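Undergrad:
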């Protein structure tokens, strides 16, 4: 397993995600999410989900997947596939679709628990549940 990023490697922001819109940081930054159950924040269209765009960042929980739960999203995590993107240490649940990747690239997803997805109330690709990737090669 790759070494976890250290605060000295890149700028690090620690935050409580619960239902708040998130300003996606600059390439090379690390977002550390506090333990707890967090509802996905609304996107620009009012649907809950976290759009990481095409950023080479690390989105990581401080306490691991069992202790850091992201829930209740239309698309939980949406990314324009970027070789430098790492999402690590979350449970993603109660979303129409847990993770969607598009574009060329190979983002990394590590230590994730994906459960109870595909039946959220938004009706987007109901039953898709875990990953939907178009043109990308997630690792």
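Residue numbers (this note's numbering): 1 to 139.
Don't be surprised by glycine CBs; every beta carbon is placed ideally from N, CA and C.
Values in this document were obtained by computation on a predicted structure and should not be read as measured data.
1. Please confirm whether residue 94 has its beta-carbon closer than 8 Å to some beta-carbon of chain D.
2. Look at the alpha carbon of residue 109 and the alpha carbon of residue 78, and state the distance between them as a whole number of angstroms.
3. For the beta strand (DSSP E) that residue 39 lies in, which residues bound it at each end?
4. Starting from the C-beta of residue 115, find all residues in its chain whose C-beta is less than 6 Å away, skip the five residues before and the five after it, and write them out in chain order.
5. When DSSP labels each residue in this structure, what does residue 81 get in the three-state scheme?
6. Using a threshold of 8 Å, state whether the C-beta atoms of residue 28 and residue 65 are closer than that.
7. Look at residue 59 and residue 31 and say whether their C-beta atoms are less than 8 Å apart.
8. For residue 1, does the count of other Cβ atoms within 10 angstroms reach 16, so buried, or fall short, so exposed?
9. Is it buried or exposed, residue 104, if we count other Cβ atoms within 10 angstroms and call 16 or more buried?
10. Once DSSP output is grouped into helix, strand and coil, what is the label at residue 67?
11. What is the DSSP secondary structure of residue 109, reduced to helix, strand or coil?
TA: So, to answer that:
1. The question asks about chain D, but that chain is absent: this structure has only one protein chain.
2. 12 Å
3. 36 to 39
4. 93
5. coil
6. no
7. yes
8. Any reading at residue 1 is ruled out, since the residue's pLDDT is 39, under 50, leaving its predicted position unreliable.
9. exposed
10. coil
11. strand
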